[in-house]
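I have placed the structure first, in the form of structure tokens, so that the comments after it can refer back to it.
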Amino acid sequence: MERIAPWLQTNWDRRAAGNFIGGGTGGGLVIFAAASELAGGNPQRWAYLLAALFIAVGLSLVWIEIGRPWRFIHVFFNPYTSWMTREGFVALPLFAALAAAMWYGGAALAIVSALLALVFVYCQGRILRASHGIPAWREPSIVPLILATALVEGAGVLLALAFIAGAAPGGFVLALALLALFARWIAWTAYRRSLARRGAPTAARQALQAIDRPLLVLGTIAPVTLIAASLGFADYAGPLALLAGLLGLAGGWLIKDTIVMRAAFNQGFAVPHMPLLGPVSGDSGIRQGWS
Amino acid sequence: MTRWVMVADLKRCVGCQTCTAACKQANATPPGVQWRRVLDMEEGEYPEVRRVFVPVGCMHCAEPPCMTVCPSTATRRRPDGIVTIDYDLCIGCSYCAVACPYQARHKTDRASFAYGGAPSQAEQKRFDGRRLAVATKCTFCVDRIDAGTAKGLTPGVDPEATPACVNSCIAGALHFGDVENPASNVSRLLAENRNFRMHENLGTGPGFYYLWE
Chain P
307 MERIAPWLQT
317 NWDRRAAGNF
327 IGGGTGGGLV
337 IFAAASELAG
347 GNPQRWAYLL
357 AALFIAVGLS
367 LVWIEIGRPW
377 RFIHVFFNPY
387 TSWMTREGFV
397 ALPLFAALAA
407 AMWYGGAALA
417 IVSALLALVF
427 VYCQGRILRA
437 SHGIPAWREP
447 SIVPLILATA
457 LVEGAGVLLA
467 LAFIAGAAPG
477 GFVLALALLA
487 LFARWIAWTA
497 YRRSLARRGA
507 PTAARQALQA
517 IDRPLLVLGT
527 IAPVTLIAAS
537 LGFADYAGPL
547 ALLAGLLGLA
557 GGWLIKDTIV
567 MRAAFNQGFA
577 VPHMPLLGPV
587 SGDSGIRQGW
597 S
Chain A
504 MTRWVMVADL
514 KRCVGCQTCT
524 AACKQANATP
534 PGVQWRRVLD
544 MEEGEYPEVR
554 RVFVPVGCMH
564 CAEPPCMTVC
574 PSTATRRRPD
584 GIVTIDYDLC
594 IGCSYCAVAC
604 PYQARHKTDR
614 ASFAYGGAPS
624 QAEQKRFDGR
634 RLAVATKCTF
644 CVDRIDAGTA
654 KGLTPGVDPE
664 ATPACVNSCI
674 AGALHFGDVE
684 NPASNVSRLL
694 AENRNFRMHE
704 NLGTGPGFYY
714 LWE
């Protein structure tokens, strides 16, 4: 029996999810590291190195997923309309800017790196947005969601790095992390509401609904509370901020894994009209698996 | 201008899958890959059951989302509306597959054959390694159309210039022709029958019409 109702796409697997996770976390880390540096913090060379590694691992995962990896240069052939090409084009100067920021330091390179990272993450959001065959991806509000969660993920890694380095996270970084957490929750809620309004496969909405509460409690309220606590209990600020960062990071990875792997139901097939053949047929059509 | 389109008469299709078999024969697609499929759509419970057979495949859209996302420019749209894939350019990223709302694209990473590991004589003769690990889909039998029109034949009228699925249809449900020509077979069918295109609200402008009344 042919499948009619939407079913889970199998063209992109966890390697593709890994690119969105690595690219988002790396991009967000660049932005947060640059913000921290510009706010008077120490140079963030290790953060830039780690961010470059996150992005490189993500892109490598895509490279090993494509059918003809030795034709990778062809990915640069369509900057006119393809967001995948644009992502590749932005990655090159981003890596160069990160290398320069690591080597030379300075505010100008931090700003350039952060801007390129922002564009890189935006491209990733648009890659999903352009996937017309997957209702949960083509939803326009997925772009701000991808951007917002990248910021939370970047903040999470930066807080972890601060703990490892034995440095107390700056108040500016903590305030930005709080803002990012609020922004992500707003973007997540807007995304789900918009998807419900436009209509989506029932199974896709169920997959997203399944992580709503964990994301609210563990991925948003808990890190917000821990960050607030870190401001009140200076002796434990490092571990509290670390835990907050890791929870925020895990929430972001959960969002992307869910969207790419579990909510990625395709359009399915539908007919708006049945053929008029006799008394049992009618004018209405068939569309299964949508709500 | 010419725009080649297909028309499926849902009142005539009996779901025999002859078009599916003809497509496999004509295009030598591997097991599990069907560029032309006929869906058996059923809804309701006895005795209020409704059933319809719906041929599907690449819709050769006017605004193909598979083409705009393609990073390698392997997917292109010809002036006559046929959407093609250059197997030598395609990197097999499957972005086109997730962009297509019609599940029309396939990717086979390894060679597979109908009767186990070894190809039959016919399969060996027609095996095309360029199709491995890249995107493939219905081409509207573009080679037949090009060869036929070069001989002055009319696709949709002369079988030699017509897609294999249309030629094989036992019920006369599938039709092919130039929708830009008001005198063509498909233009007449569309003018005389109520019709729709699948997922038309997505703005892809499919080149595949369904007659329902």
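Residue numbers (the numbering used here), protein chains in the order written: chain P, 307 to 597; chain A, 504 to 716. Note that the Cβ used here is the ideal one computed from N, Cα and C, for glycine as well. Model, not experiment: these values are computed from the prediction.
| request: Using a Cβ-Cβ cut-off of less than 8 Å, list which residues of the region 437 to 455 of chain P approach chain A; keep chain order. | output: If you check each beta-carbon in the region 437 to 455 of chain P against every beta-carbon of chain A, the ones closer than 8 Å belong to S437, H438, G439, I440 and W443.
| query | Rounded to whole angstroms, how far is the Cβ of F575 (chain P) from the Cβ of I310 (chain P), which I believe are closer than 8 Å? | reply | Residue mapping note: residue 575 (chain P) aligns to position 269 of the first sequence, counting from 1. Residue mapping note: residue 310 (chain P) aligns to position 4 of the first sequence, counting from 1. Contact check for F575 (chain P) and I310 (chain P): beta-carbon distance about 5 Å, within the 8 Å limit, so the pair qualifies.
| query | Which whole-angstrom value is the C-beta distance of V463 (chain P) and L356 (chain P), which I expect to be below 8 Å? | reply | Numbered from 1 along the first sequence, position 157 holds the residue referred to as residue 463 (chain P). Numbered from 1 along the first sequence, position 50 holds the residue referred to as residue 356 (chain P). Yes, they are in contact, since the Cβ atoms of V463 (chain P) and L356 (chain P) sit about 7 Å apart, within 8 Å.
| task | Name the residue from A:D589, A:S687, A:A607 and A:R539 whose alpha carbon lies nearest to the alpha carbon of K527 (chain A). | result | On the second sequence, position 24 is the one that residue 527 (chain A) refers to. Closest by alpha carbon: A:R539.
| task | Check the Cβ-Cβ distances between P604 (chain A) and every residue of chain B, and say whether any is below 7 Å. | result | Of the protein chains in this structure, namely P and A, none is chain B.
| If you scan the region 380 to 427 of chain P from start to end, which runs of the alpha helix (DSSP H) of 4 or more residues do you find wholly inside it? | Segments of the alpha helix (DSSP H) lying fully in the region 380 to 427 of chain P: 389 to 410.
| task | Using a Cβ cut-off of 7 Å, pull out every chain A residue sitting near P578 (chain P), in sequence order please. | result | The count along the first sequence starts at 1 and reaches residue 578 (chain P) at position 272. Simply F699.
| said: Considering only their Cβ atoms, is the gap separating G347 (chain P) from G439 (chain P) smaller than 7 Å? | reply: For this step, residue 439 (chain P) is matched to residue 133 along the first sequence. For this step, residue 347 (chain P) is matched to residue 41 along the first sequence. One thing to note: G439 (chain P) has its Cβ no nearer than 7 Å to the Cβ of G347 (chain P).
| Identified DSSP bridge partners for N698 (chain A) | As a first step, residue 698 (chain A) must be located in the second sequence, where it is residue number 195. Answer is A:L714, bridged to N698 (chain A).
| task | Tell me whether L656 (chain A) sits in a helix, a strand or coil according to DSSP, three-state version. | result | Counted from its first residue, the second sequence places residue 656 (chain A) at position 153. Coil.
| What is the DSSP secondary structure of F630 (chain A), reduced to helix, strand or coil? | Numbered from 1 along the second sequence, position 127 holds the residue referred to as residue 630 (chain A). Coil.
| E445 (chain P) (DSSP reduced to helix, strand or coil) | Your numbering for residue 445 (chain P) matches position 139 in the first sequence. It is coil, neither helix nor strand.
| Three-state secondary structure (DSSP) at F616 (chain A)? | Residue numbering aside, residue 616 (chain A) sits at position 113 when the second sequence is read from its first letter. In this structure, F616 (chain A) counts as strand in the three-state DSSP scheme.
| said: Short of 6 Å in beta carbon distance, which residues of its chain neighbour L469 (chain P), apart from the five on each side in sequence? Order them along the chain. | reply: Here residue 469 (chain P) corresponds to residue number 163 of the first sequence, with the count starting at 1. It is worth fixing the name first, because residue 469 (chain P) is Phe in this sequence and not Leu. G544 and L548.
| Element boundaries [beta strand (DSSP E), containing L677 (chain A)] | For the purposes of this step, residue 677 (chain A) is taken as residue 174 along the second sequence, with counting starting at 1. It spans L677 to D681 - the beta strand (DSSP E) in which L677 (chain A) sits, taken as one unbroken run.
| task | Starting from the beta carbon of N384 (chain P), find every residue of chain A whose beta carbon is closer than 7 Å, and list them in chain order. | result | In the first sequence, counting from the first residue as 1, residue 384 (chain P) sits at position 78. From the beta-carbon of N384 (chain P), the residues of chain A found nearer than 7 Å are C573, P574, S575 and T576.
| field | Assigned secondary structure, D583 (chain A) (DSSP; H/G/I helix, E/B strand, else coil) | value | If you number the second sequence from 1, residue 583 (chain A) lands on position 80. Of the three classes helix, strand and coil, the one that applies to D583 (chain A) here is coil, per DSSP.
| query | From W352 (chain P) to R613 (chain A), what does the alpha carbon distance come to, in whole angstroms? | reply | Here residue 352 (chain P) refers to the residue found at position 46 of the first sequence. Here residue 613 (chain A) refers to the residue found at position 110 of the second sequence. Rounded to whole angstroms, W352 (chain P) to R613 (chain A) spans 42 Å at the Cα level.
| said: Do S575 (chain A) and I594 (chain A) count as a contact pair if the criterion is CB distance below 7 Å? | reply: As a first step, residue 594 (chain A) is located in the second sequence; it is residue number 91 there, counting from the start. As a first step, residue 575 (chain A) is located in the second sequence; it is residue number 72 there, counting from the start. Judged by their CB atoms, I594 (chain A) and S575 (chain A) are nearer to each other than the 7 Å cut-off.
| message | So if DSSP puts P450 (chain P) in a beta bridge, which residue, or which two residues, is it bridged to? | response | Mapped onto the first sequence, residue 450 (chain P) falls at position 144. Beta bridge pairing from DSSP links P450 (chain P) with no other residue.
| request: Flag K527 (chain A) as yes if its beta-carbon sits less than 7 Å from any beta-carbon of chain P, otherwise no. | output: On the second sequence, position 24 is the one that residue 527 (chain A) refers to. False, the Cβ-Cβ gap to chain P never drops below 7 Å.
| said: Less than 6 Å between C-beta atoms, sequence neighbours within five positions excluded: which residues of the same chain meet that for E459 (chain P)? | reply: For the purposes of this step, residue 459 (chain P) is taken as the residue at position 153 of the first sequence. Taken in chain order, the residues that qualify are G330, T331, G334, L555 and G558.
| Among A:T587, A:A577, A:G675 and A:N684, nearest to A511 (chain A) - alpha-carbon criterion | As a first step, residue 511 (chain A) must be located in the second sequence, where it is residue number 8. When only C-alpha atoms are compared, the closest one is A:G675.
| Exposed or buried, which one is Q624 (chain A) when buried takes at least 16 other CB atoms within 10 Å? | Position 121 of the second sequence, counted from the first residue, corresponds to residue 624 (chain A). Label assigned to Q624 (chain A): exposed.
| Collapsed DSSP secondary structure at T578 (chain A) in the structure displayed | What you label residue 578 (chain A) is simply residue 75 of the second sequence in a count that begins at 1. It is a strand residue.
| field | C-alpha gap between A636 (chain A) and R320 (chain P), whole angstroms | value | If you number the second sequence from 1, residue 636 (chain A) lands on position 133. If you number the first sequence from 1, residue 320 (chain P) lands on position 14. C-alpha of A636 (chain A) to C-alpha of R320 (chain P): approximately 18 Å in a straight line.
| request: Rank A:E545, A:R506 and A:V541 by C-alpha distance to the C-alpha of Q594 (chain P) and give the top, closest one. | output: Counted from its first residue, the first sequence places residue 594 (chain P) at position 288. Of A:E545, A:R506 and A:V541, the residue nearest in Cα terms is A:E545.
| task | Please determine if the region 543 to 558 of chain A and the region 512 to 524 of chain A are in contact, where contact requires at least 3 C-beta pairs separated by less than 8 Å. | result | Counting Cβ pairs under 8 Å, three or more are found: they touch.
| E548 (chain A) touches chain P at which residues, Cβ-Cβ below 9 Å? | In the second sequence, residue 548 (chain A) corresponds to position 45, counting from 1. What E548 (chain A) touches in chain P: nothing, since even the nearest Cβ is about 13 Å away.
| task | Would you kindly report the start and end of the unbroken beta strand (DSSP E) that includes V557 (chain A)? | result | On the second sequence, residue 557 (chain A) is found 54 positions in, with the first residue counted as 1. Segment E551 to V559, the beta strand (DSSP E) holding V557 (chain A).
| Given a threshold of 16 other Cβ atoms within 10 Å of its Cβ, counted over all protein chains shown, does R633 (chain A) qualify as buried or as exposed? | Working through the second sequence from its first residue, we reach residue 633 (chain A) at position 130. Exposed, since its Cβ has fewer than 16 Cβ neighbours within 10 Å.
| For a contact meaning CB atoms closer than 7 Å, what does R377 (chain P) contact in chain A? | By one-based count along the first sequence, residue 377 (chain P) stands at place 71. Taking a Cβ-Cβ threshold of 7 Å, the residues of chain A close to R377 (chain P) are I594, in chain order.
| query | Which chain P residues are close to K610 (chain A), counting only those with a beta carbon under 8 Å from its beta carbon? | reply | The residue labelled residue 610 (chain A) in the question sits at position 107 within the second sequence. Taking a Cβ-Cβ cut-off of 8 Å, the neighbours of K610 (chain A) in chain P comprise N317 and G373, given in sequence order.
| request: With a cut-off of 8 Å on the beta carbons, I'd call D563 (chain P) and A323 (chain P) a contact; round off their distance for me. | output: If you number the first sequence from 1, residue 563 (chain P) lands on position 257. If you number the first sequence from 1, residue 323 (chain P) lands on position 17. Taking 8 Å as the upper bound for CB-CB distance, D563 (chain P) and A323 (chain P) are in contact here, some 5 Å apart.
| task | Might you give, ordered along the chain, the residues of its own chain that have their beta carbon closer than 8 Å to the beta carbon of A570 (chain P), omitting 5 neighbours on each side? | result | In the first sequence, the residue the question calls residue 570 (chain P) occupies position 264. For A570 (chain P), where only same-chain residues beyond five positions count, the Cβ hits under 8 Å are L314, Q315, W318, I440, A442, W443 and A510.
| Residues of chain A with CB under 7 Å from V381 (chain P), in chain order? | For the purposes of this step, residue 381 (chain P) is identified with residue 75 of the first sequence, where counting begins at 1. Simply P574, S575 and I594.
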